[in-house]
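Chemist:
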Amino acid sequence: MLLVLGIAGGLTLVFGGFLDMSPNRLASGIALTAFSLSPTACAAIAAPLAAFILLAFVSNEKARSIATLLAAALLLYACLATAGLLAKHLASPDKPALRLSLGSAFWIPLACALFAFLDAMQRLQFGLVARVGFFALLCLPFAFMAYVGFFDALSLAKEFENHQAVFVQALVDHVLLVVLSLAIALLVAIPIIFAVRQKSGLQNLVYASLGVIQAVPSIALFGLLIAPLSALVLHVPALAQFGIGGTGRTPAIIALVLYALLPLVRNGVTGLDAVSPDVRDAAKGLGFTAGERALKVDLPLALPALLSGMRVVTVQAIGLAAVAALIGAGGLGTFVFQGIGQYALNLVLVGAIPIILLALGTDLGFQLLLSVARGQA
Amino acid sequence: MEAEAQSPGARAAHWPFFLLLTVFLAAVFLMPSTAPLFHWLFPDLLRPVYTRASFFELTVAHCELVFASTAVAAFIGIGTALYVTRQSGKEFLPLVSALAAIGQTFPPVAVLALAIPLLGYGAAPTLVALVLYSTLPILEATIAGLYAVPGSARDAALGLGFSPAGLLWRIELPLAAPFIFAGLRNATIINIGTATIGSSVGALSLGSPILEGLSASNPAYVIEGAIVVSLLAVVVDRAFETLEQALN
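For the protein sequence lines, the chains are V and W, in the order given. The letter at position 103 of the first sequence is residue 103 when you use the working numbering, and the numbering goes up by one with no holes. The letter at position 137 of the second sequence is residue 514 when you use the working numbering, and the numbering goes up by one with no holes.
1) So, does the CB of Ala359 (chain V) fall closer than 8 Å to a CB anywhere in chain W?
2) Does the segment 308-328 of chain V touch the segment 259-271 of chain V, meaning 3 or more C-beta pairs lie closer than 8 Å?
3) Checking contacts by CB at 8 Å: is Ala105 (chain V) closer than that to chain W?
4) What's the gap between the Cα of Ala382 (chain W) and the Cα of Ala518 (chain W)?
5) In whole angstroms, what is the alpha-carbon distance linking Asp278 (chain V) and Ala324 (chain V)?
6) Pull out every residue of the segment 51-71 of chain V whose Cβ sits closer than 7 Å to any Cβ of chain W, in chain order.
7) Report the three-state DSSP secondary structure of Ile30 (chain V) (helix, strand or coil).
8) By Cβ distance, which residues of its chain are closer than 6 Å to Phe401 (chain W), with the 5 residues on each side in sequence left out?
9) Exposed or buried, what is Lys199 (chain V) when buried is set at 16 or more other beta-carbons lying within 10 Å of its beta-carbon?
10) Identify which residue in W:Ala580, W:Thr482, W:Phe394, W:Asn595 has its Cα closest to the Cα of Asp421 (chain W).
11) Flag Ala603 (chain W) as yes if its beta-carbon sits less than 8 Å from any beta-carbon of chain V, otherwise no.
12) Terminal residues of the continuous alpha helix (DSSP H) containing Met121 (chain V)?
13) At least one CB of chain V closer than 8 Å to the CB of Arg388 (chain W): is that the case?
14) Can you give me the C-alpha to C-alpha distance between Ile193 (chain V) and Tyr259 (chain V), rounded to a whole angstrom?
15) Using C-beta distances below 6 Å, list every residue in its chain close to Phe394 (chain W), excluding the 5 sequence neighbours before and after it, in chain order.
16) List the residues that DSSP assigns as beta-bridge partners of Met21 (chain V).
17) Can you name, in chain order, every residue of its own chain whose Cβ lies under 6 Å from the Cβ of Val336 (chain V), other than the five neighbours on each side?
18) For Gln367 (chain V), name the three-state secondary structure that DSSP assigns.
19) Which residues in chain V sit within 7 Å of Thr447 (chain W), going by Cβ to Cβ distance?
20) Would you verify that the beta carbon of Glu379 (chain W) is, or is not, closer than 8 Å to some beta carbon of chain V?
21) At a Cβ threshold of 8 Å, is Ala382 (chain W) touching chain V?
22) Quick one: does Ser218 (chain V) have its CB under 8 Å from some CB of chain W?
23) Buried or exposed: Phe15 (chain V), going by 16 or more other Cβ atoms within 10 Å of its Cβ?
24) From Thr399 (chain W) to Leu435 (chain W), what distance separates their C-alpha atoms?
25) Quick one: is Leu624 (chain W) buried, meaning 16 or more other Cβ sit within 10 Å of its Cβ, or exposed?
26) In or out: Glu159 (chain V) buried (at least 16 other Cβ within 10 Å) or exposed?
27) Could you tell me which whole alpha helix (DSSP H) segments of length 4 or greater appear in the segment 228-305 of chain V?
28) Is any beta-carbon of chain W found at less than 8 Å from that of Ala352 (chain V)?
29) Does the distance from the C-beta atom of Leu591 (chain W) to that of Leu225 (chain V) stay below 8 Å?
30) Does the contact criterion of 3 or more C-beta pairs under 8 Å hold for the segment 477-489 of chain W versus the segment 555-573 of chain W?
31) Given that Gln21 (chain V) touches chain W, what residues does it touch there, using C-beta distances under 9 Å?
32) Evaluate contact between the segment 247-263 of chain V and the segment 287-301 of chain V, counting only Cβ atoms and requiring at least three cross-stretch pairs below 8 Å.
33) If you run the structure through DSSP and keep just helix, strand and coil, what is Pro485 (chain W)?
34) Can you find at least 3 beta carbon pairs, one from the segment 533-548 of chain W and one from the segment 557-566 of chain W, that sit closer than 8 Å?
35) Please state whether DSSP places Thr428 (chain W) in a helix, a strand or coil.
36) Please name the residue in V:Phe167, V:Leu90, V:Trp107 whose C-alpha comes closest to that of Gln338 (chain V).
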């Protein structure tokens, strides 16, 4: 395992470009290997990779895993430090248009470090909290380095700086889009869940029709909503005062809600079905009213299932909201598609990396919530 | 569910599939003759029907992307799952299952975007992104399926003198098949959707009219592309469903 990571990382370090240098934002650059830039820096990255290879032959699993965590942390920061320092070294004030992008010899060893972390933590059987804590600890120095401007010479940082004001707005828009549609979806899903449980004949119909929507590609669903909504707003101009429009947020939110319904309804129904009738009878015997039973018995017991439905839906919505940038709904996807259109790949990353982090963070958050809910249930 | 499969109603459940298929084919081939309809809906548009490529060509290009990527993903996904569940690959199992779970939280658009710096524009990054992303559900489903094989079935086969290869081919894979099939279905549907967005990086697909329509403010193009690709996705999904029922 470690052998493979060490060798893969080593090969890209030797043959891959660490930094791509181009005279301006749009021209294609030349790849510079780490060794040609600075042999010392190259050695700093190579050392932890070599440690991986050596560690592969240590037989004590616990000792090896702990050592792997250390070596991977070294590798991570060797890559980051080298990237920042070399970029600073290459950049000069008289060539402000010069762009320095990170190449495969940066990304692949970085990925090797992350894989090694994952593997070692799995072997050490870290719990969820320990994992989150470890990664938070690991990111702290990076956050500090970014804050003091250590990476400023890299064009990824430049691109970010150029779009900083818009970035915050895009991030807020993105989160709002997801949160709003999730809230609406929950409000719509709850009556459907109860209806389906009342009349079992409804279940197949509801699942089948919501299932069809799941198969429709996101951009197609957005597109299909535009024309009817535009026509609606044209005929009922009052709607426009509430911010409802044919393009933009309205079709995006409607589509996100439609996609969210099936997982929410299905998990809600499964969760409620799993509540045993004995428990309900006992609650009835204790004199709980129907409303109390729903709130104090059904909801807590069905919560884990509902939460795992929300986890799927939210993570999915974060990705779908990125596509919604194509219909003018704003959000982080704007940078991705702008970057694609302008062939500005670092701008693509300014959008794509936060989207991925948002999805990963949300997933982790829901996992934590789920473990709490399961502990209480 | 099982009781239903026997009833005559189940056979009638197939008709929506053939109906859908007919509607889909009609949409693909009759799109050029819908010009009067779209002209009536959007009188301001000079070109009410997308003509840069025929919808048949677009559908073929779309299906090629999806089929090629899903086939490669199935090969890699099932192969990797088999390897990590054997004695020799056990070492990689924790990492591979963790990666499969984490990787699926990556939005498909982000994977597509990350493939551009490596591969440039066109069909290549789309194909690679589709393969990368759809490998994960297949991989995860196959591992789950192989784990769901009861130990007793395995022991019985070994007791009967099955070789490891015989055990795999005749016991484990057939028992895991429903899981693998569900993974394939999931992967194919995701790929149909992501291939649509692939036209934003220059791949020819049914997303091309949608994206061109959005950037050129031609709502007719958007609707035409969206209808055909939605029908394609729904038809393929139904086909998987019908096959799944036939297999069970």
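Virtual Cβ for every residue (Gly too), placed ideally from N, Cα, C. Owing to the predicted nature of the structure, the values given are computational and were not obtained by experimental measurement.
Modeler: Straight from the coordinates:
1) Numbered from 1 along the first sequence, position 359 holds the residue referred to as residue 359 (chain V). Closer than 8 Å to some Cβ of chain W, the Cβ of Ala359 (chain V) qualifies, so yes.
2) yes
3) Walking along the first sequence from the start, residue 105 (chain V) turns up at place 105. No, Ala105 (chain V) lies away from the interface with chain W (no Cβ there is under 8 Å from its Cβ).
4) In the second sequence, counting from the first residue as 1, residue 382 (chain W) sits at position 5. In the second sequence, counting from the first residue as 1, residue 518 (chain W) sits at position 141. The pLDDT assigned to Ala382 (chain W) is 40, lower than 50, so where the model puts this residue is not dependable; a value taken from the coordinates is nonetheless given after this. C-alpha separation (whole angstroms): 24 Å.
5) What you label residue 278 (chain V) is simply residue 278 of the first sequence in a count that begins at 1. What you label residue 324 (chain V) is simply residue 324 of the first sequence in a count that begins at 1. Going from the Cα of Asp278 (chain V) to the Cα of Ala324 (chain V) covers about 46 Å.
6) none
7) Working through the first sequence from its first residue, we reach residue 30 (chain V) at position 30. Looking at Ile30 (chain V) - three-state DSSP - the assignment turns out to be strand.
8) Residue mapping note: residue 401 (chain W) aligns to position 24 of the second sequence, counting from 1. Leu608, Val612, listed in sequence order.
9) Taking the first sequence and counting its residues from 1, the one referred to as residue 199 (chain V) is at position 199. Looking at its Cβ environment, which holds fewer than 16 other Cβ atoms inside 10 Å, Lys199 (chain V) is exposed.
10) Position 44 of the second sequence, counted from the start, is the residue given in the question as residue 421 (chain W). Looking at the Cα atoms, W:Asn595 is the closest of the given residues.
11) As a working mapping, residue 603 (chain W) is identified with position 226 in the second sequence. Closer than 8 Å to some Cβ of chain V, the Cβ of Ala603 (chain W) qualifies, so yes.
12) Reading the first sequence from its first residue, position 121 is the one you call residue 121 (chain V). Note, Met121 (chain V): alpha helix (DSSP H), 104-123.
13) Position 11 of the second sequence, counted from the start, is the residue given in the question as residue 388 (chain W). In this predicted model, Arg388 (chain W) has a pLDDT of only 48, less than 50, meaning its place in the structure is not dependable enough to derive any value.
14) Counted from its first residue, the first sequence places residue 193 (chain V) at position 193. Counted from its first residue, the first sequence places residue 259 (chain V) at position 259. One C-alpha to the other measures close to 16 Å.
15) Here the question's residue 394 (chain W) lines up with position 17 in the second sequence. Excluding positions up to five away in sequence, the list reads Arg615, Thr619.
16) In the first sequence, the residue the question calls residue 21 (chain V) occupies position 21. Met21 (chain V) is bridged to V:Ile30, V:Leu100.
17) If you number the first sequence from 1, residue 336 (chain V) lands on position 336. Val348, Gly351, Ala352, listed in sequence order.
18) Start at 1 with the first residue of the first sequence, and residue 367 (chain V) comes out as number 367. Here Gln367 (chain V) sits in helix by DSSP.
19) On the second sequence, position 70 is the one that residue 447 (chain W) refers to. Within 7 Å Cβ-Cβ: nothing; Thr447 (chain W) doesn't reach chain V, min ~15 Å.
20) Position 2 of the second sequence, counted from the start, is the residue given in the question as residue 379 (chain W). Note on Glu379 (chain W): pLDDT 36, under 50, position unreliable in the model; the coordinate value appears next. No - not a single Cβ of chain V is within 8 Å of the one on Glu379 (chain W).
21) By 1-based counting over the second sequence, the position of residue 382 (chain W) is 5. Confidence at Ala382 (chain W) is low in this model, with a pLDDT of 40, below 50, so its placement is unreliable and no value can be given for it.
22) Taking the first residue of the first sequence as 1, we reach residue 218 (chain V) at position 218. Cβ-Cβ to chain W under 8 Å: yes for Ser218 (chain V).
23) If you number the first sequence from 1, residue 15 (chain V) lands on position 15. With fewer than 16 other Cβ atoms within 10 Å, it is exposed.
24) Along the second sequence, read from residue 1 onward, the residue named residue 399 (chain W) stands at position 22. Along the second sequence, read from residue 1 onward, the residue named residue 435 (chain W) stands at position 58. Answer to the nearest angstrom: the Cα atoms are 18 Å apart.
25) Taking the second sequence and counting its residues from 1, the one referred to as residue 624 (chain W) is at position 247. Leu624 (chain W) comes out exposed.
26) Numbered from its first residue, the first sequence carries residue 159 (chain V) at position 159. Buried.
27) 249-273, 277-285
28) Stepping through the first sequence from its first residue, residue 352 (chain V) is reached at position 352. So yes, Ala352 (chain V) belongs to the interface.
29) For this step, residue 591 (chain W) is matched to residue 214 along the second sequence. For this step, residue 225 (chain V) is matched to residue 225 along the first sequence. It is not a contact, given that the beta carbons lie outside the stated cut-off.
30) yes
31) The residue labelled residue 21 (chain V) in the question sits at position 21 within the first sequence. The amino acid occupying residue 21 (chain V) in the given sequence is Met; Gln does not appear at that position. In chain order: nothing, as chain W lies at least about 15 Å away.
32) no
33) For the purposes of this step, residue 485 (chain W) is identified with residue 108 of the second sequence, where counting begins at 1. Residue state, collapsed to three classes: helix.
34) no
35) The residue you call residue 428 (chain W) lines up with position 51 of the second sequence. Looking at Thr428 (chain W) - three-state DSSP - the assignment turns out to be coil, as it is neither helix nor strand.
36) In the first sequence, the residue the question calls residue 338 (chain V) occupies position 338. Here the closest residue by C-alpha is V:Phe167.
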